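Take a look at the structure below.
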Amino acid sequence: MQVAFQILINGFIISSIYALGAVGFSLIFGTAGILNLAHGAFLVLSAMVAWFFISAFKLPLAAGIALGVLSAVIFSYLLFFLVVHPLDRSKKIPKEEKEVFILTATLLCSMIIQGLLDYTFGSTPIVIAPFTPGVVRISNISITYNEVILALASLAIIGLLYLLINRTKTGKLLLAASMSHTGLALMGVELKKVYILLWGIYGLLTGVSGVLLASFLGASASSVPDLTGLAFSIVVLGGLGSITGSFFASYIIGYLGTITAYLISPSYTTLPAFFVLILILFIKPRGLFGRF
Amino acid sequence: MQLQLSRSTILKFGLIPIIAFAFLPQFLSLYLLGTLTIALYFSVFAMSWDLLFGYSGEVNFGPTFLIGVGAYTAALFNVNTGLPVVICIILGTSVAVIAGLLLVAPALRLRGPYFGLITLVSVLILDQVITIFAQYTGGEIGLSLPGTLAASNQVNYYLALVFMVVSAVIFLAIASSPIGLILQAGAQDPIAAESLGFNLTKYKVLAFGVSAFFSGLAGALLVFYLGTASVSVVVSISVVLQIIIAVIIGGRRSIIGPILGSLFIILTGQWLQYLGQLDYAVVSLFALIILLFFPDGIAGMLLRKA
Numbered sequence: 013m014q015v016a017f018q019i020l021i022n023g024f025i026i027s028s029i030y031a032l033g034a035v036g037f038s039l040i041f042g043t044a045g046i047l048n049l050a051h052g053a054f055l056v057l058s059a060m061v062a063w064f065f066i067s068a069f070k071l072p073l074a075a076g077i078a079l080g081v082l083s084a085v086i087f088s089y090l091l092f093f094l095v096v097h098p099l100d101r102s103k104k105i106p107k108e109e110k111e112v113f114i115l116t117a118t119l120l121c122s123m124i125i126q127g128l129l130d131y132t133f134g135s136t137p138i139v140i141a142p143f144t145p146g147v148v149r150i151s152n153i154s155i156t157y158n159e160v161i162l163a164l165a166s167l168a169i170i171g172l173l174y175l176l177i178n179r180t181k182t183g184k185l186l187l188a189a190s191m192s193h194t195g196l197a198l199m200g201v202e203l204k205k206v207y208i209l210l211w212g213i214y215g216l217l218t219g220v221s222g223v224l225l226a227s228f229l230g231a232s233a234s235s236v237p238d239l240t241g242l243a244f245s246i247v248v249l250g251g252l253g254s255i256t257g258s259f260f261a262s263y264i265i266g267y268l269g270t271i272t273a274y275l276i277s278p279s280y281t282t283l284p285a286f287f288v289l290i291l292i293l294f295i296k297p298r299g300l301f302g303r304f
Numbered sequence: 274m275q276l277q278l279s280r281s282t283i284l285k286f287g288l289i290p291i292i293a294f295a296f297l298p299q300f301l302s303l304y305l306l307g308t309l310t311i312a313l314y315f316s317v318f319a320m321s322w323d324l325l326f327g328y329s330g331e332v333n334f335g336p337t338f339l340i341g342v343g344a345y346t347a348a349l350f351n352v353n354t355g356l357p358v359v360i361c362i363i364l365g366t367s368v369a370v371i372a373g374l375l376l377v378a379p380a381l382r383l384r385g386p387y388f389g390l391i392t393l394v395s396v397l398i399l400d401q402v403i404t405i406f407a408q409y410t411g412g413e414i415g416l417s418l419p420g421t422l423a424a425s426n427q428v429n430y431y432l433a434l435v436f437m438v439v440s441a442v443i444f445l446a447i448a449s450s451p452i453g454l455i456l457q458a459g460a461q462d463p464i465a466a467e468s469l470g471f472n473l474t475k476y477k478v479l480a481f482g483v484s485a486f487f488s489g490l491a492g493a494l495l496v497f498y499l500g501t502a503s504v505s506v507v508v509s510i511s512v513v514l515q516i517i518i519a520v521i522i523g524g525r526r527s528i529i530g531p532i533l534g535s536l537f538i539i540l541t542g543q544w545l546q547y548l549g550q551l552d553y554a555v556v557s558l559f560a561l562i563i564l565l566f567f568p569d570g571i572a573g574m575l576l577r578k579a
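What follows is the structure in structure tokens.
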């Protein structure tokens, strides 16, 4: 009984953080049609930059996090202006191969960022210090305040994103972009402005989730492929292009991992999730809520 | 880019390099010869990947699933049974082909990113299974093999060279035959290709089978050359990335490109070793620049001028 309760709570915390980590990946695919395989690199980048400024320059937590998020935004724009946009415009690449080229290019960027991080900050895993100390006890189970804050902050940010997309004019633009780029251009909206807005939001979102992830799981350059793989699995399971789908899929993957860790062994955490993923894709080839 | 296989092209890009490669052992140090042998096996990995990516348009993130299955099956048979090395290699290759046919099942149902993820997951599962059953597979340390291909470095080199050339000829034959054209047509517009009466399923299964055969065989041969089967050489995600980079740098959909790319990436990898952790980043940056400015790769640049 106690184990069940523990799984319920820990699963909820980790799933909520996963959800925030995957939402950005889902957003950029849904609206720009870009599968950004450098996603994990962005998450680790912001975490490591934040950690570096906090530990080396003794900056306050908030300032460090702001710098981390800023670095993610800068790299997000670099990726867009130097790689994604030129490839999209390139006349040398046939149209039907663009998607594959952009995919491969983001993968290469991921390796470049990973190499740079490894070189600059070393390969030892880092942990962002807890936001607040202290432990809360609910009938024999202890949860740190930090975990509670992380889970709630993740849900709050996802909630804000939901409001932004569904309740504001900016959000309407993004929604329209997710339906048809041509349609949006025909309505007199300059597509490039929408992209710039989008990659900005993406950088912000990924930067914040990178810091929160690192506060719970820690981060190191070598965790980049795992994080990209995790976001990729969650987003595909939920269905590409559906943010709601990604949200629910995070809880499936998060709880599966937690259950395995508690009942079988922590070293098998990712395996059941992979099998469930294959199974679901066999039954529903477009994921749970997929549009593409 | 479409390859024009005129007689002079074959002469320039086929015969001359082969003759040059045949004489290389006279001039190279044993260490470089060893590196080159690995690069030759790696070329077969890259060509197998190119057949799926360049021709049938499938982004396969799991080439090392096939390579690893071939390599580890052969290695496990060698360690646990008294079978001769050749039989172990044949068994490894056969199991890799079966694995390839298992992988084709989702490929026929899933498109683009969904298929990419399944292949990626197949590698991650294989990696985990090898780690979990460490008492049989040697886990992260690797499995040392009692059997070897040949004792002499020269013989090993020539074996790899012959294997690579034979594979390249077969891949080129497939790619320039109607099968290659139908695969490309299917990649560009599956509906149009099927409405012309081609059974794409049949050709995709064939492409996967051929790719799996050569991946598995090359994987099995490579571990017997190295004397150990380890995750970091035949399974890990970083090997997948190297294969993808090799094909992109060399020039996709050209079969010759992946060979050039593999030689490039393995040899520069040796030179860049003094950069430490940065070597990967530098090679990736180089690949990215090629991708942005010369999407047809080294082979594209060479053949355009030719």
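Respectively, the protein sequence lines represent chains R and L. Quick note on this note's numbering: the first sequence kicks off at 13 and runs consecutively. Quick note on this note's numbering: the second sequence kicks off at 274 and runs consecutively. Positions of the beta carbon are idealized from the N, C-alpha and C atoms, including for glycine. If you're wondering where the values come from, they're calculated on a predicted model, not measured in any experiment.
Chain L within 7 Å of residue i, Cβ atoms only
| i | result |
| --- | --- |
| Tyr-131(R) | yes |
| Ala-53(R) | no |
| Leu-128(R) | yes |
| Ala-163(R) | no |
| Glu-108(R) | yes |
| Val-35(R) | no |
| Phe-92(R) | no |
| Ala-168(R) | no |
| Met-60(R) | no |
| Phe-286(R) | yes |
| Met-13(R) | no |
| Lys-296(R) | no |
| Pro-278(R) | no |
| Lys-204(R) | no |
| Pro-237(R) | yes |
N- and C-terminal bounds of the beta strand (DSSP E) containing residue i
| i | result |
| --- | --- |
| Ser-154(R) | 153-156 |
| Ile-150(R) | 147-150 |
Proximity test, Cβ basis, 7 Å: residue i and chain R
| i | result |
| --- | --- |
| Val-504(L) | no |
| Pro-463(L) | no |
| Gln-401(L) | yes |
| Ser-557(L) | yes |
| Arg-382(L) | yes |
| Pro-568(L) | yes |
| Val-332(L) | yes |
| Met-274(L) | A caution first: Met-274(L) carries a pLDDT of 44, below 50, which makes its placement in the model too unreliable to give a value. |
| Leu-306(L) | no |
| Leu-551(L) | yes |
| Ile-398(L) | yes |
Extent of the continuous alpha helix (DSSP H) to which residue i belongs
| i | result |
| --- | --- |
| Val-112(R) | 110-133 |
| Phe-444(L) | 426-449 |
| Arg-382(L) | 358-382 |
| Phe-280(R) | The question names Phe, yet the displayed sequence has Tyr at residue 280(R). Here Tyr-280(R) belongs to no alpha helix (DSSP H), and DSSP marks it neither H nor E. |
| Phe-315(L) | 303-323 |
| Val-556(L) | 551-566 |
| Met-60(R) | 51-68 |
| Phe-41(R) | 14-44 |
| Ile-86(R) | 73-90 |
| Gln-515(L) | 510-523 |
| Leu-399(L) | 385-405 |
| Pro-290(L) | 289-296 |
| Gly-269(R) | 255-275 |
Residue i classed as buried or exposed, judged by whether at least 16 other C-beta atoms fall within 10 angstroms
| i | result |
| --- | --- |
| Arg-526(L) | buried |
| Trp-211(R) | buried |
| Pro-568(L) | buried |
| Val-247(R) | buried |
| Trp-63(R) | buried |
| Pro-336(L) | buried |
| Leu-291(R) | exposed |
| Leu-397(L) | buried |
| Asp-608(L) | Given a span of 274 to 579 for chain L in the structure shown, any question on residue 608(L) remains unanswerable. |
| Trp-322(L) | buried |
| Met-13(R) | exposed |
| Glu-331(L) | buried |
| Ala-465(L) | exposed |
Paired residues, beta bridge with residue i - DSSP
| i | result |
| --- | --- |
| Ala-231(R) | Ile-138(R) |
| Thr-501(L) | Ser-417(L) |
Checklist entry - Fully enclosed by the stretch 459-508 of chain L, which alpha helix (DSSP H) runs are 4 residues long or longer? => result 463-468, 473-499, 504-507
Next on the checklist: Quick check on the DSSP output: what are the complete alpha helix (DSSP H) runs of length 4 or more inside the stretch 154-208 of chain R, in order along the chain?
Outcome noted: If we require 4 residues or more, the alpha helix (DSSP H) runs fully inside the stretch 154-208 of chain R come out as 157-179, 181-191, 193-198.
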